[in-house]
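Visitor: For reference, the structure I am asking about is given below.
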């Protein structure tokens, strides 16, 4: 853990921060296990903590470019019918079903909405490639979702800035905590929605019979 913090701390102080962010966020599309969100939130926290408007602007541009590039990478893999992505987009129930139902009709809404759900970026962009969404509409949706996500990440950095005071170490720790809390919150919401859907389905399959009303003879 300390080694990871040391590497991230070195990146935060490096002139290569923005290019590294672009690459990490792009690769995070098909491989959503990289600490790109934590690094971005941490860098934003440092930038806001030191009142560096130029750095904040640079972070937004880097996040936007990396996100769109990663979206197109997954989009291309989806069009090639990659087996791993096929399993991700063809699962029954939950996010995958919602994406399949609405993607071609409202691609912008799907790409933006799914972006804020854990794993949603991979599922929605891969589905866009597999189900034949045309490139212009995908580009518009990708830019919109990437811009919304970038602003969201920077806002979290803004909230963390006063807490960390621009300290890279505190920013990294706070960024990691926020990433875990955000993922946990979305996972909890998904569980609640799935539980309600199961209850509704069970109620539809086994409707409650109306009570018998006995009328006394006159």
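In UniProt numbering, the protein residues as written are 1 to 218.
Glycine residues also receive a C-beta, built at the ideal position from the N, C-alpha and C atoms.
1. Please report the distance separating the alpha-carbon of residue 130 from that of residue 56.
2. What is the DSSP secondary structure of residue 40, reduced to helix, strand or coil?
3. What number of angstroms, rounded off, separates the C-alpha of residue 92 from the C-alpha of residue 54?
4. DSSP three-state label for residue 51, please.
5. Find the nearest neighbour of residue 30 within the set 49, 14, 65, 72, judged by alpha-carbon distance.
6. Decide if the segment 131-145 is in contact with the segment 107-114; the criterion is three or more beta carbon pairs, one per stretch, under 8 Å apart.
7. Out of 112, 180, 201, which one is the CA nearest neighbour of residue 33?
8. For the alpha helix (DSSP H) containing residue 112, list its first residue and its last residue.
9. Under 8 Å between the Cβ atoms of residue 153 and residue 63?
10. Given this structure, state the Cα-to-Cα distance separating residue 127 from residue 205, to the nearest angstrom.
Guide: So, to answer that:
1. If you take the alpha carbons of residue 130 and residue 56, they lie about 35 Å apart.
2. DSSP, read as helix, strand or coil, puts residue 40 in helix.
3. Here the model assigns residue 92 a pLDDT of 48, short of 50, so the residue's position is not dependable and the matter cannot be decided.
4. Looking at residue 51 - three-state DSSP - the assignment turns out to be coil, as it is neither helix nor strand.
5. Ranking 49, 14, 65, 72 by Cα distance to residue 30 puts 72 first.
6. Judged by Cβ distances under 8 Å, the segment 131-145 makes contact with the segment 107-114, as three or more pairs qualify.
7. Closest by alpha carbon: 180.
8. 107-115 is the extent of the alpha helix (DSSP H) around residue 112.
9. Yes, Cβ-Cβ distance for residue 153 and residue 63 is below 8 Å.
10. A direct Cα-Cα distance of roughly 31 Å separates residue 127 from residue 205.
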